[in-house]
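*Asks:*
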């Protein structure tokens, strides 16, 4: 394989079964490094990058780390994986036309309260769009079904997650970009 994407634990499992070796790995990429380099994950990554599995030394491979935030403690850990590191930081201005509201509700009231808020938005601001984030594929599917059955027809709802076919995800995103979906 040319590209492997997996969790550190899964890769260790594969490596210990001798299903693959890392001798030819030229690039090591860590996404969400601010979360990946916590205690247990960092130990796993340190284990993977040791010469035990043939991984090239840090001067012989390129290591790329992506993170939304990089606290000093994580930066220090990353230093063990990097050589002559370069940090690129983007400064985005805060958009003054974005409204944010925080509501604290009991878990069993979340769907009902979300429906109330979205109904108010769709009633007063037709054409507005809302992004809704959920922490699992099944919750995305549940919310799409729940909201689709209860919101007016002009307030179309779509859902995107990794278990849905690529073509379906792309079509849903195109619909949101085009404005035919009010909620994603």
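Numbering (UniProt numbering), first residue to last: 1 to 184. Cβ coordinates follow ideal geometry from the N, Cα and C atoms, glycine included. None of the values given here were measured: they were computed from a predicted structure.
(1) Can you find the residues in the same chain that come closer than 6 Å, C-beta to C-beta, to residue 172, ignoring five residues on each side of it along the sequence?
(2) Are the Cβ atoms of residue 82 and residue 34 separated by less than 8 Å?
(3) Identify whether residue 211 lies in helix, strand or coil by the three-state DSSP scheme.
(4) Give the secondary structure of residue 139 by DSSP, where H, G and I count as helix, E and B as strand, and everything else as coil.
(5) Quick one, are the C-beta atoms of residue 56 and residue 5 less than 8 Å apart?
(6) To the nearest angstrom, how far is it from the Cα of residue 137 to the Cα of residue 9?
(7) Is residue 28 closer than 8 Å to residue 49 when the C-beta atoms are compared?
*Replies:* According to the structure shown:
(1) Residues of the same chain with a CB within less than 6 Å of the CB of residue 172, apart from the 5 flanking positions on each side, are 158 and 160 in chain order.
(2) Result no, Cβ atoms of residue 82 and residue 34 do not sit closer than 8 Å.
(3) The requested residue 211 is not part of the displayed model; the chain covers only 1 to 184.
(4) Per DSSP, reduced to three states, the secondary structure at residue 139 is helical.
(5) Contact: no.
(6) Approximately 22 Å, taken between the alpha carbons.
(7) Contact flag set, yes.
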